[in-house]
Structures are given as structure tokens and as C-alpha cells.
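For the protein sequence lines, the chains are D and V, in the order given. Per full-length UniProt numbering, the very first residue in the first sequence carries number 1; after that it's consecutive. Per full-length UniProt numbering, the very first residue in the second sequence carries number 1; after that it's consecutive. Reading through the C-alpha cells given below for one structure.
Protein chains: 2
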Amino acid sequence: MSDPRALSGYWLRDNCPCDECRDPGNGQKLFQITDLPADLAVRESTERDGHLAVLWTDGHRSRYPLTWLAAAAPDGHGPETAGRHPGDHRTEAAKRLWRAADFAAGLPEAHWDAHLADPAERAAVLRAVRHLGFAVLRGVPTTDRQVLAVARTFGHVRVTNYGELFDVRVEPDPNNLAFTSAAITPHTDNPYRDPVPTLQLLHCLENAAEGGDSGLVDGFAAADLLRTEAPEDFALLTRTPVPFAFRDRTTELHAERPLIETDALGRIREIRFNNRSIGTLRLPAADLDAFYAAYRRFAAIILRPELQLTFRLDPGDCLVFDNTRLLHARTAFDHDGHRHLQGCYADLDSLGSTLAVLDRHTEALDTLQELFEGEGAEEYLGEAVTQAEHMLQAAVLAHRDGAPPHLVAAALLHDVGHFHGAVTGAQLTAGTDNRHSHTGADWLARWFGPEVTEPIRLHVAAKRYLCAVEPAYRAGLSEASEHTLRVQGGPMAAEEAAAFAALPAAADAVAVRRWDDLAKTTDTDTPAFDHFRPLLADLLSAGAIGTHR
Amino acid sequence: MSDPRALSGYWLRDNCPCDECRDPGNGQKLFQITDLPADLAVRESTERDGHLAVLWTDGHRSRYPLTWLAAAAPDGHGPETAGRHPGDHRTEAAKRLWRAADFAAGLPEAHWDAHLADPAERAAVLRAVRHLGFAVLRGVPTTDRQVLAVARTFGHVRVTNYGELFDVRVEPDPNNLAFTSAAITPHTDNPYRDPVPTLQLLHCLENAAEGGDSGLVDGFAAADLLRTEAPEDFALLTRTPVPFAFRDRTTELHAERPLIETDALGRIREIRFNNRSIGTLRLPAADLDAFYAAYRRFAAIILRPELQLTFRLDPGDCLVFDNTRLLHARTAFDHDGHRHLQGCYADLDSLGSTLAVLDRHTEALDTLQELFEGEGAEEYLGEAVTQAEHMLQAAVLAHRDGAPPHLVAAALLHDVGHFHGAVTGAQLTAGTDNRHSHTGADWLARWFGPEVTEPIRLHVAAKRYLCAVEPAYRAGLSEASEHTLRVQGGPMAAEEAAAFAALPAAADAVAVRRWDDLAKTTDTDTPAFDHFRPLLADLLSAGAIGTHR
Numbered sequence: 001m002s003d004p005r006a007l008s009g010y011w012l013r014d015n016c017p018c019d020e021c022r023d024p025g026n027g028q029k030l031f032q033i034t035d036l037p038a039d040l041a042v043r044e045s046t047e048r049d050g051h052l053a054v055l056w057t058d059g060h061r062s063r064y065p066l067t068w069l070a071a072a073a074p075d076g077h078g079p080e081t082a083g084r085h086p087g088d089h090r091t092e093a094a095k096r097l098w099r100a101a102d103f104a105a106g107l108p109e110a111h112w113d114a115h116l117a118d119p120a121e122r123a124a125v126l127r128a129v130r131h132l133g134f135a136v137l138r139g140v141p142t143t144d145r146q147v148l149a150v151a152r153t154f155g156h157v158r159v160t161n162y163g164e165l166f167d168v169r170v171e172p173d174p175n176n177l178a179f180t181s182a183a184i185t186p187h188t189d190n191p192y193r194d195p196v197p198t199l200q201l202l203h204c205l206e207n208a209a210e211g212g213d214s215g216l217v218d219g220f221a222a223a224d225l226l227r228t229e230a231p232e233d234f235a236l237l238t239r240t241p242v243p244f245a246f247r248d249r250t251t252e253l254h255a256e257r258p259l260i261e262t263d264a265l266g267r268i269r270e271i272r273f274n275n276r277s278i279g280t281l282r283l284p285a286a287d288l289d290a291f292y293a294a295y296r297r298f299a300a301i302i303l304r305p306e307l308q309l310t311f312r313l314d315p316g317d318c319l320v321f322d323n324t325r326l327l328h329a330r331t332a333f334d335h336d337g338h339r340h341l342q343g344c345y346a347d348l349d350s351l352g353s354t355l356a357v358l359d360r361h362t363e364a365l366d367t368l369q370e371l372f373e374g375e376g377a378e379e380y381l382g383e384a385v386t387q388a389e390h391m392l393q394a395a396v397l398a399h400r401d402g403a404p405p406h407l408v409a410a411a412l413l414h415d416v417g418h419f420h421g422a423v424t425g426a427q428l429t430a431g432t433d434n435r436h437s438h439t440g441a442d443w444l445a446r447w448f449g450p451e452v453t454e455p456i457r458l459h460v461a462a463k464r465y466l467c468a469v470e471p472a473y474r475a476g477l478s479e480a481s482e483h484t485l486r487v488q489g490g491p492m493a494a495e496e497a498a499a500f501a502a503l504p505a506a507a508d509a510v511a512v513r514r515w516d517d518l519a520k521t522t523d524t525d526t527p528a529f530d531h532f533r534p535l536l537a538d539l540l541s542a543g544a545i546g547t548h549r
Numbered sequence: 001m002s003d004p005r006a007l008s009g010y011w012l013r014d015n016c017p018c019d020e021c022r023d024p025g026n027g028q029k030l031f032q033i034t035d036l037p038a039d040l041a042v043r044e045s046t047e048r049d050g051h052l053a054v055l056w057t058d059g060h061r062s063r064y065p066l067t068w069l070a071a072a073a074p075d076g077h078g079p080e081t082a083g084r085h086p087g088d089h090r091t092e093a094a095k096r097l098w099r100a101a102d103f104a105a106g107l108p109e110a111h112w113d114a115h116l117a118d119p120a121e122r123a124a125v126l127r128a129v130r131h132l133g134f135a136v137l138r139g140v141p142t143t144d145r146q147v148l149a150v151a152r153t154f155g156h157v158r159v160t161n162y163g164e165l166f167d168v169r170v171e172p173d174p175n176n177l178a179f180t181s182a183a184i185t186p187h188t189d190n191p192y193r194d195p196v197p198t199l200q201l202l203h204c205l206e207n208a209a210e211g212g213d214s215g216l217v218d219g220f221a222a223a224d225l226l227r228t229e230a231p232e233d234f235a236l237l238t239r240t241p242v243p244f245a246f247r248d249r250t251t252e253l254h255a256e257r258p259l260i261e262t263d264a265l266g267r268i269r270e271i272r273f274n275n276r277s278i279g280t281l282r283l284p285a286a287d288l289d290a291f292y293a294a295y296r297r298f299a300a301i302i303l304r305p306e307l308q309l310t311f312r313l314d315p316g317d318c319l320v321f322d323n324t325r326l327l328h329a330r331t332a333f334d335h336d337g338h339r340h341l342q343g344c345y346a347d348l349d350s351l352g353s354t355l356a357v358l359d360r361h362t363e364a365l366d367t368l369q370e371l372f373e374g375e376g377a378e379e380y381l382g383e384a385v386t387q388a389e390h391m392l393q394a395a396v397l398a399h400r401d402g403a404p405p406h407l408v409a410a411a412l413l414h415d416v417g418h419f420h421g422a423v424t425g426a427q428l429t430a431g432t433d434n435r436h437s438h439t440g441a442d443w444l445a446r447w448f449g450p451e452v453t454e455p456i457r458l459h460v461a462a463k464r465y466l467c468a469v470e471p472a473y474r475a476g477l478s479e480a481s482e483h484t485l486r487v488q489g490g491p492m493a494a495e496e497a498a499a500f501a502a503l504p505a506a507a508d509a510v511a512v513r514r515w516d517d518l519a520k521t522t523d524t525d526t527p528a529f530d531h532f533r534p535l536l537a538d539l540l541s542a543g544a545i546g547t548h549r
């Protein structure tokens, strides 16, 4: 793998990780593929320190971690292994196909409170939607427009001609059968839209009617059965564009897509199935006969009892499902009974993003916990407490002073820079400023926002600031802290102090500094890192949906 | 064509237009394809009165207009004619591919005021976006968030991780190269999203910088060139899923789609091109070499000068373009110069819907104009004015009385029911109630909302109501009107009058009725239908975006 002659040259160069080729901040490539010369080749390559160093014929130098090269091996896209790679999690390769009996022990579900409070629970709900195609949230407040709040826990609402949300109940002059009390057989929504909304939410506000139960069918499982039982019918449905249409006074939508869409590798990727809105196919009669035979066979598979998962939505239940995979249905209900759902659409891409970021957060919290319980248990630069005790005490003090969560977090994490980087705390005491405040802030910035990282970045400067403006402050420094003050640059000059005080995070940094200075006592019960984990999780979650701009 | 034995049976039955098979209100099918028996066949068929009548083996009867059967002929989806049918207007078959020189005489553009005021202008803008991939609106107010208002003239804003809208200007800590002053070569946006936003808007608020010009390339034209010059490279790019990725603190998006996406018939349908966000392909080295050779060839075609359309966006210009087809670019600009665009995303499906409804409106106005100028010039049931003069006078009276537009429209159109249907006005005078008020209201409801149609529906009832509650009113009726009153049922009984007065549209219907009664004078200058066309156009436009719920 590390023999560069066995690698594709342009591919290798396109993946050069150097700062000239990629923006270190956002990871985007800074060159165009056409910027690379026509005769690009490797001039020299050497393997050292776990890296492959390459000198290119155009003079550019690249350095690839060998671990990255190993991970970049072909992933089985070839015909013999097709279907095993999850890719972007949108094809059958990333799904667990199911029958109704698979949920005999219960549906994938979570309580709304847990979904909100516990990132792990939230991640489990989103993973179920991605993997199984659906999940049910229980105990969602039965208030008007609440379904939009549910959608916003993992994505952005997709507005359609039905509005931001739609009410599913009996209407006097329905523009859609959904708004009657009739039974509706399994279908996907909005097949006449392209792009089709990829997620649907249905929130039950009221269901006192006889009937009106909900049904789901795994359309990927049905398509998989069709492929096994009648491969030619399957192939025909993947290659026949079907016109779908919807029309009312203010809307006229048309889309032409196959009933079963496969990706470039032939994997099932999307199902559209809705006889109510199939328009008129215009094909030679023989092709129409073949299409209708395949379509009817697929429809019959979808109606097989073993594929029908039926359950009842009660008030407070919110069903979230993949509208590119699952077909949904409902039984007829008593016209006089009250049944009221509110629904909205959203998209799978943002759900996947939220899930990835939640997983990053879990990883972050696990990493921090390991650091606190590992390296953190070590001596703290000559103080009587360990590093972990010191930071935990600072957080306790911040909490006692009524500090907002982001400052409790800043106090808790203010010294993580000591844990990381080439320069250790020991070197700081030995006379090298490890700039641990900056190292820590930069490292934390991959997860936490500036409200947490900037007070940390400035907490060393805050000490130099306080020594300049509060003589009593300096007099109270511990011996070790007085020692590091000199290494860190000594008290600020007046001009520097004024500039510091003008920084937006200055006051927060000073607060963190004061807790820092006090957090060195041995006669206190210090809680474990676990105690602060929910607070950190909340802070991370708050920024998880695209609110960073 | 009318020999049913030459037609596909299930296809024919699936398209049965009867009220049992289709909801007369919304046109949705009321049956499932699996409801049709396994051995369905035509038992008998006859052709009469321009219809094919079919008796099916399951006893169902269908009646198909022969004009519909003729229009449903195969549309050339077969290999010999592939590419000629516009389908859902999303593939190359529905586009005009272009080179920069095609716009030497000017860009497809319109002034914002005209776009708002004139439905024909607005339709032309939307048609340009669909057909050419872009259009420029000039004179759009340079106010914050105005770009959202532009998007809402034809669709729904698609929210992404960049927010509801995004500011394109130099930012201190950019999460994307767009927010620097660097040149950006032609690319599509958000390739890491699936569904990708299919439309983008860029509204220029300020552009005082040196440089910072805009560029567009027709990606379909580039792909078409690749197909001609290197068919194997084209095919390779259509069947290689490419991983695109974007990651920052709050977002982590992945999508795997080919650079060139074709539909089931092999027609170019979607381009994704953005080297900044292409991730690491994991394929055997030989496949990577082939992919990179094809990718670089495609990239080189995209950069050909004859494909680069370059122009400058000035403050007030808003560019609207198809992000699944056009690549956009900008030249580098002077970092100190002020350049500020606001952008947002939307989708092509709603744009197509708005265009179709606008076209329907134009058709509606043309149809009404023809009726006023044709049939309308005929005698009005024994009155001294023509039907058209009568209705135009009613509208003039409504306008003089300060009536809101919807009531002016109701007055103008209140007797269109006389123009249509099997029972004519002549039959009404002969003693048959043609229920022209209901016929007219039902016919108009395909375009106009209830605020226009309900007063029309009730304007005959309003006469019977007024005769019941205002003796002086009845005394003032014209001779012809007194005659038709009897045919229409005579004055209302007290109970019926009370029920009428309680209807939401009763007051409006009474108002229309009074203008109706007065609009029979010969000594007035009656304007032509044209005079009221803008008022009707505005009323139609107001309901054109999905605001019907």
C-alpha cells in the first residue's frame, strides 16, 4: 500500500493534505483538478515516521499518514462486493431490511424528554430512522405546530404546497384523499415532487376514532423480494420513468422517476409508489403491458401481510420515517370520531449530519472523560491537587457562583491544553510557555463554540491582566502560579491591559481565572467528570443544528 | 388508436376518468392498482359521440374521450426517439444548451417591477430558468433579506446549514471559500447534500470591488461535449459514485453521487462538480486512473473560454439559476473593496408549478377575453345591452362603489355561466333554470378562489333573497328579470332567507346582485375586457404560491 507506484497519481495528489492544498480551517481543497499538470508523476517517495513523503514532478511535496493510505483502500465497489459498503447511507447497503414480525417485541422508540435530554438517546432515534427507516417518539406535547419543533431537533423543515405543516383530518373540501376518513393503502408521499421530501413526520394530536390505525411497509424489502422473484420485472421498474402529477388551483407538479431507483452500482436507493398520482404513461402497448405486469406484481408484494407493520398512534406519538424507503398507510376510520395528526416534511441529509455531529459529541465526551480519569489523575505542576481535581474544582466554584453553563464548561476545561500537544505541563514549569490556553482552545473548538473556547484561550492572559490591574491579586498567587507567571510574560503593560479589557471574552476569561486560582484545595469533596457530562452534552447539542451563522 | 384491442388493458383501465375511479375534485385515483382483477379484459367497446365506451369483464364501464386517446400515444421514449420528449422538464431533452456567445445580445432578464406586476413577464423569467438554466432580475431593492422575497415569487426557500439565507462577503473566519475574496472556478453548490438544492439565488447588495465578476457555464452543454468527444469518459462519470463531503463544527454532510447523472433513458439530468468538496474515492488504482482521466477531461471542457459566460452583478441584480445544471464562478476581487451578495436556495419543482399555474392563468384570461369578445357580444336575454356590456358595466359599478378587487372580478364574471354548459341563456328565458350561477362559479373555481366564485354562485339566490326582504327591490326589477325570477324559484320564504343571510358570502352576493341589476344601461361608455385584465391577473397571482391551506 505504501508503494506509491501502485497508487493512482492524480488521486494521490488530489488528496494531498498540506495547508497549500487544503484550507486548514474548513478542509476544502484550495486547487482545481485542472490546476494539476498534464504529466504529473511522483519523482521521489520515502516512508518515514508513519508517513509517505512524496516529491512530485511539478516540485510540490505531499506527506500522507500511512494510516490514511491504509484506510483509503478500495472499498468493495466492484461487482463482487457491491452492496456491502454503506456509502452515504442512502442505499440498501446501509439498511436493515425488515418484516413486520421483526418488531414483535416493540417499535424503535424513545420518550420525547429523553430524546431532548440525552444525546445518546437522540442518536439512537436518528440511527433507527436511517437504518430501519422509522422511529416513534412518545410523549411529545400535543400542542399545535409541535411537529415543527420535533423536525428541528434533527434538521430543517421542507416547505411544500401543503405549507410548512399540514393537518391530517377530515376536511369539508379535501384537495387530497389524506384529508378524508377513507382507508389509504401503502404509498410514498409527494412522488410528484423532485426533489421529493425525503423524511416525513406525523404527530398525533387526537385519535378517538374507531380505526385510523397506521401502517408501514419497508419498500426496500419489497423491492428486494421483487428482484429475487422476478428479476426482469425489477429491472423494468428501475428503468421506466413514471409520470407523477398533482394539480389543484394553486399547484401543478410533475415528476418523472422510476418506481424503484437504483444507484450507479445497481443498489436500491429510492422507492416511489402512489397509484393515486400516477399520470398517463405514454409507451407502445407492449411496453405498457410489461410495465403494468411488473407494477402489479410489485404492488401485490407490498400488500403481503408479512410486510405490513400496523400500530396505533396515540396522542403525543410522533412517527418519523424515511419517505424514500417506507410506504405508509392508514385504515379507514369512523367519520364522526376525532382524529387529528399534524405532519411536516424534512430531509435525510440534515438528519445524517445531526447524527454524525452527535456521534462526534459522544466521542468528545468520552475523550474528555478518559483524559480526566487518565492523564488528569497526575500531579498538577507542583500543586497539592491533581490536574483533574483542579479543573473539577474550578467548575464547582463556577457553578456555585451561578455561572451560566458555558462558563462552567470553560472552568471545567480550562487546562485541557496541558493534556495535549508536544509541549507538556512539565516543560512549562521548566521554563517554556506551552501556550496551553491556546492549544486547549484550538483543540476544543472542533466541538465547542467561542463562548466556551475564548475564555479558555484568554485565561492565561487574564492572569497577566489581573496582576497588572489588581496588586492584591498578584499577592494572592500560589507559588507555582507566581513561577509560571514569569514564563508567561509577567504582568501586562497598561496598553496591553486596556486592549485585553476591550476583548469580548475578557470578563468571562477573568471569571475563569479567579475560579482557576481558587481551585487548589485538598479539603473538599470533588465530584467526578461524570457529574458535568450532561452539562457539556447540552452545550454541544445547543449548537448541533445549523445555527452557527 | 380507437381499437381497444390495440391498447394495453391495465393501462387503459388505470386511466379511467369516471367519478368512481377518480375524485372529481382533485383528480386523484380512488383505487389501487391491486384492486383490479387478475384477468381484466375488455368485454365490449363502442365508439360514439367522440368517446370510446368500454365495458370491462368485471362489469365496470369506462368512457374515454377520443382526443385523450390520441394524445396518449407513445411519446418517443423508445431508443430511436429518446431525448425529444420534455418529460418533467428536468433532463437535457427540455433544455436549450448554450455557449457564452449565445448571449452576446444580452442576458435573459427582467425588471423586478415587471416581474411582480406582469404575469407574462414573470412566466418568461421562470421559463428562462427552466430552459436556459438562469435569468437575472434587475432593480431588486437592495434591502437585507430581499432575496427571500424573490424566491417566494416562485417557490419555497430551502433552509440548509448555511441558514435560511447566506451572506457572500469576506468573513474573518470563513467556513467556506465563498466567504473569502479568492477566485472561485465553476462549480455547483452543496454537492454534499442529497437532495441537493436545485435552485440558487444570488442577490447583489453591493459590488464596489475591483474584480468579483460572476461566471456561469452550462454543465449540460459541457457534458454533451464530453459525450461527443470521449463517450467512454462520459459513461464512466455517469456510473462512478463520487463521495462529496462538508464538515464544520455543527455540520457533517456526505453524499455519493456521480458527477454526471443520467435518467433511466440515458439523458443528462444533473451535474455535480466541485473539487473543493470531493472526498476520497476508494477504488482500485486502475479505476482511479480512469476516473481521474475522465474527470480532468470534463473539467478542462468546463474551463473552455467559449463556455464561460462572464458578467457583472450590480447592486439590485438578482441571479436565479439551476444548481443541477449550471456551474457558477466568480473572479477574485480586491479584498478592501466592498462586495456583498445575499443568497438562498430553493427548488425547481415549485418553480415549475408556479410556471404551469401562471400559464393556466394566461390561458384563463385569454379564454375569458375570447368569450367577452365572441359570445359576449350577443344579445343579453332580451335586455338592451349585450352580455359583455352588461358584465363590464357591473364591474365598472363595483369599481365606482370602491369594491375590493375580488368583488370587481365577481361583478365582471357573474354571468359567465351563460356562456357555457349544455343549457344556454335562451333556454332559461324559455323556462328552464340553467343554474348559470353555479355553472359559472364551478367553471371559474379552477382559477379563482371562493372570494370570487361564491358571490357568483349566490347571485341568483341573492335576487330571490332581496325580493323576499325588500319589496321595493322587486318593484324595480326589469321585465326580463321579473320573468326569470319565476323560473328561478320566486322570492325566498322567510326561513330560506334567514339561511341565506347567514352564508359567509351573502353580503358579497347581494352587492354583486345590485350591480347586476343596474348594469343594463345603453347611455354609458363601457370599457373593453382588456381594461380589467390586470385586476384579474393580480387576483390570480395572489393565490399562485402554495397559500391555499
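Ideal placement from N, C-alpha and C gives every residue a C-beta, glycine not left out. If you're wondering where the values come from, they're calculated on a predicted model, not measured in any experiment.
{"Query": "To the nearest angstrom, how far is it from the Cα of residue 542 of chain D to the Cα of residue 515 of chain D?", "Result": "25 Å"}
{"Query": "Taking only runs that begin and end inside the stretch 326–374 of chain V, name each unbroken alpha helix (DSSP H) of 4 or more residues, in chain order.", "Result": "348–373"}
{"Query": "Hey, does residue 505 of chain V have any beta-carbon neighbour from chain D nearer than 8 Å?", "Result": "no"}
{"Query": "Is the stretch 275–286 of chain V in contact with the stretch 220–232 of chain V, if contact means three or more CB pairs nearer than 8 Å?", "Result": "no"}
{"Query": "Give the interface partners of residue 33 of chain D over in chain V, defined as CB-CB distance under 7 Å, in chain order.", "Result": "275, 295, 296, 299"}
{"Query": "Between the alpha carbons of residue 395 of chain V and residue 469 of chain V, how many angstroms are there, rounded?", "Result": "25 Å"}
{"Query": "Which stretch, first to last residue, makes up the alpha helix (DSSP H) that contains residue 227 of chain D?", "Result": "219–229"}
{"Query": "If we ignore side chains and look at the alpha-carbon of each, how far apart do residue 147 of chain V and residue 344 of chain V end up?", "Result": "7 Å"}
{"Query": "I'd like the span of the alpha helix (DSSP H) that includes residue 534 of chain V, first residue to last.", "Result": "533–542"}
{"Query": "Is the Cβ of residue 177 of chain D closer than 8 Å to any Cβ of chain V?", "Result": "yes"}
{"Query": "Restricting to Cα atoms, I'd like to know which of V/127, V/107, V/139, V/72 is closest to residue 113 of chain V.", "Result": "V/139"}
{"Query": "I need the straight-line Cα distance from residue 202 of chain D to residue 165 of chain D, nearest angstrom please.", "Result": "10 Å"}
{"Query": "The beta strand (DSSP E) spanning residue 206 of chain V covers which residue range?", "Result": "199–207"}
{"Query": "If you compare alpha carbons, which of D/268, D/463, D/412 is closest to residue 444 of chain D?", "Result": "D/412"}
{"Query": "If you run the structure through DSSP and keep just helix, strand and coil, what is residue 95 of chain V?", "Result": "coil"}
{"Query": "Output needed in chain order: residues of the stretch 239–250 of chain V with a Cβ under 9 Å from some Cβ in chain D.", "Result": "239, 240, 241, 243, 244, 245, 246, 247, 248, 249, 250"}
{"Query": "For residue 45 of chain D and chain V, any beta-carbon pair shorter than 8 Å?", "Result": "no"}
{"Query": "From this set, V/226, V/353, V/465, V/134, which residue's C-alpha is nearest residue 495 of chain V's C-alpha?", "Result": "V/465"}
{"Query": "Indicate the three-state DSSP secondary structure (helix, strand or coil) for residue 112 of chain D in the structure shown.", "Result": "helix"}
{"Query": "Out of V/230, V/279, V/484, V/249, point me to the one whose CA is closest to residue 435 of chain V's CA.", "Result": "V/484"}
{"Query": "Is it true that the CB of residue 177 of chain V sits closer than 8 Å to the CB of residue 23 of chain D?", "Result": "yes"}
{"Query": "Using CA coordinates, which residue listed in D/359, D/361, D/391 is at the minimum distance from residue 373 of chain D?", "Result": "D/391"}
{"Query": "Which chain D residues are close to residue 447 of chain V, counting only those with a beta carbon under 9 Å from its beta carbon?", "Result": "249"}
{"Query": "For a test of the three-state rule: what should DSSP assign to residue 237 of chain D, helix, strand or coil?", "Result": "helix"}
{"Query": "What does residue 254 of chain V touch in chain D if you count any residue whose Cβ is under 9 Å from its own?", "Result": "87, 88, 89, 349, 352, 353, 356"}
{"Query": "Does residue 11 of chain D get closer than 8 Å to chain V when you measure Cβ to Cβ?", "Result": "yes"}
{"Query": "With a CB to CB cut of under 6 Å and the five nearest residues on each side skipped, what residues in its chain are close to residue 82 of chain D?", "Result": "The predicted position of residue 82 of chain D is uncertain, since its pLDDT is 41 and thus under 50; a value taken from the coordinates is nonetheless stated next. So the qualifying residues of the chain are 265."}
{"Query": "Given a threshold of 16 other Cβ atoms within 10 Å of its Cβ, counted over all protein chains shown, does residue 467 of chain D qualify as buried or as exposed?", "Result": "buried"}
{"Query": "On the three-state DSSP scale, how would you describe residue 41 of chain V?", "Result": "coil"}
{"Query": "Using a Cβ cut-off of 9 Å, pull out every chain V residue sitting near residue 174 of chain D, in sequence order please.", "Result": "23, 25, 26"}
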